[in-house]
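Enquirer: In our numbering, the protein residues as written are 7 to 393. The beta-carbon is built from N, C-alpha and C at its ideal position, and this holds for glycine as well.
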């Protein structure tokens with residue numbers, strides 16, 4: 007059991023931390039409030055190779071794994087720049103295409119994902135089905151050699167920034183007549199695909215959308231993989247990296263909030279010349295939050311290590327636990343930081359209340375804390391399925 011990073015991972019962490027701090031939370035907030043994207047940071051991270059650390063070297067990536075990508079997600083968030091599209095494009099889309107795409111799809115998309123010149127977002131959630139792919143209403147049907155996609159998706163991140171969207175649909179199995187999942191790489195400017203921006207109470211430079219697919223015509227090679235049999239494995243291939251990198255982003259955000267609050271409370275003096283951080287009523291909640299964040303980081307490291315070792319079932323359990331722990335820890339850390347700073351904590355200047363919406367959403371998406379508890383109860387504790 008080794009808790010130390012490799013020399014290369016240490017260097018990656020330090021380099022990403024330096025990049026994130028050069029931009030900082032002020033940049034992140036300024037872009038979000040202006041309705042703009044963090045384009046400069048994204049392109050520089052791509053140019054430096056950080057967006058493609060988990061992509062094979064033959065396609066322009068770093069040849070690492072989800073462990074390395076989680077480091078990138080965590081360190082940018084710890085610098086006050088939690089980039090949601092790191093989870094969507096490199097973690098989900100790149101992993102799915104690497105593991106289950108055709109060679110033509112890998113050559114077409116992975117180099118651009120690695121250098122940041124291309125983004126692919128992910129669309130599974132639907133208004134009526136949530137993330138339950140057994141009830142998805144988006145259907146793909148054959149029309150000659152083409153596919154026609156019809157349905158709706160909701161809470162789809164970054165569609166306005168992306169070249170393509172990876173859509174989860176259901177197709178009819180000709181041998182059984184049953185519907186089975188399939189993934190399609192859909193251009194975001196495809197005729198019949200319309201997007202409607204959702205107004206969210208979250209300060210973020212990345213937007214959420216409702217998607218409408220009305221007989222969107224796609225060529226045969228838009229289907230991920232060589233056949234429909236690739237659909238289910240491809241879908242699950244993206245879910246563990248999603249949970250692990252979301253957790254890493256949450257842990258980084260928690261670290262950022264605790265660091266901001268600790269710096270403030272160590273120097274703020276209002277009672278007899280002593281810092282407010284010397285009082286246990288201030289210090290203990292921050293210490294408690296720091297413990298929770300560090301525990302989450304340990305589970306993230308375990309989940310990423312298991313995933314990169316190909317131990318998918320174990321990584322599924324650890325990835326869900328990591329996402330749960332990090333979501334709770336990040337929300338606790340930001341709320342505790344706001345409380346420690348008092349009125350200053352609610353100002354934009356001090357840069358912690360700006361994260362309240364994001365960390366609250368982290369307890370809901372991409373899978374809610376309740377569904378994770380269902381998963382743990384069923385798969386770890388051996389309880390009957392409750393839903």
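Among residues of its own chain, excluding the 5 on either side of residue 74, which ones have a beta-carbon nearer than 7 Å to its beta-carbon?
Expert: 15, 18, 59, 60, 68
Enquirer: Out of curiosity, what's the CA-to-CA distance linking residue 177 and residue 239?
Expert: Using only the alpha carbons, I get a separation of about 15 Å.
Enquirer: Under the DSSP definition of a beta bridge, which residues are partnered with residue 127?
Expert: In the DSSP assignment, the residues bridged to residue 127 are 171.
Enquirer: Excluding five sequence neighbours on each side, which residues of the same chain lie with their C-beta closer than 7 Å to the C-beta of residue 151?
Expert: 226
Enquirer: If you follow the beta strand (DSSP E) that residue 214 is in, where does it begin and where does it stop?
Expert: 214-224
Enquirer: Going along the chain, which residues of its own chain have a beta-carbon closer than 6 Å to the beta-carbon of residue 44, five neighbours each way excluded?
Expert: 37, 211
Enquirer: Is DSSP giving residue 318 helix, strand or coil here?
Expert: Here DSSP, grouped into helix, strand and coil, assigns residue 318 to helix.
Enquirer: Does the distance from the C-beta atom of residue 155 to that of residue 175 stay below 8 Å?
Expert: Yes, Cβ-Cβ distance for residue 155 and residue 175 is below 8 Å.
Enquirer: Would the segment 72-89 and the segment 113-123 be scored as touching if the rule is three or more Cβ pairs under 8 Å?
Expert: no
Enquirer: Determine the direct distance from the alpha carbon of residue 321 to that of residue 242, and round the result to whole angstroms.
Expert: 12 Å
Enquirer: Just curious, the alpha helix (DSSP H) that residue 251 is in, first and last residue?
Expert: 237-273
Enquirer: Residue 33 lies in the beta strand (DSSP E); which residues open and close that run?
Expert: For residue 33, there is no enclosing beta strand (DSSP E); the enclosing alpha helix (DSSP H) has its first and last residue at 13-39.
Enquirer: In chain order, what residues of the same chain have a beta carbon less than 6 Å from the beta carbon of residue 270, not counting five sequence neighbours either side?
Expert: 347
Enquirer: In angstroms with no decimal places, state the Cα-to-Cα distance between residue 378 and residue 332.
Expert: 12 Å
Enquirer: On a Cα-Cα basis, can you pick out the residue from 194, 278, 249 that is closest to residue 223?
Expert: 194
Enquirer: Going by DSSP, name the residue or residues bridged to residue 146.
Expert: For residue 146, the pairing in a beta bridge is given by DSSP as 155.
Enquirer: Where residue 248 and residue 316 are concerned, what is the direct C-alpha to C-alpha distance, given to the nearest angstrom?
Expert: 16 Å
Enquirer: By the 10 Å Cβ neighbour count, where 16 or more other Cβ atoms means buried, how is residue 148 classified, buried or exposed?
Expert: exposed
Enquirer: From residue 280 to residue 368, what does the alpha carbon distance come to, in whole angstroms?
Expert: 36 Å
Enquirer: For residue 103, does the count of other Cβ atoms within 10 angstroms reach 16, so buried, or fall short, so exposed?
Expert: By the neighbour-count rule (16 or more Cβ atoms within 10 Å), residue 103 is buried.
Enquirer: Within a Cβ cutoff of 7 Å, which residues of the same chain sit near residue 380, ignoring the five residues on either side of it in sequence?
Expert: 392, 393
Enquirer: CB-CB under 6 Å to residue 282, same chain, minus the five flanking residues each way: which ones, in chain order?
Expert: 271, 274, 288
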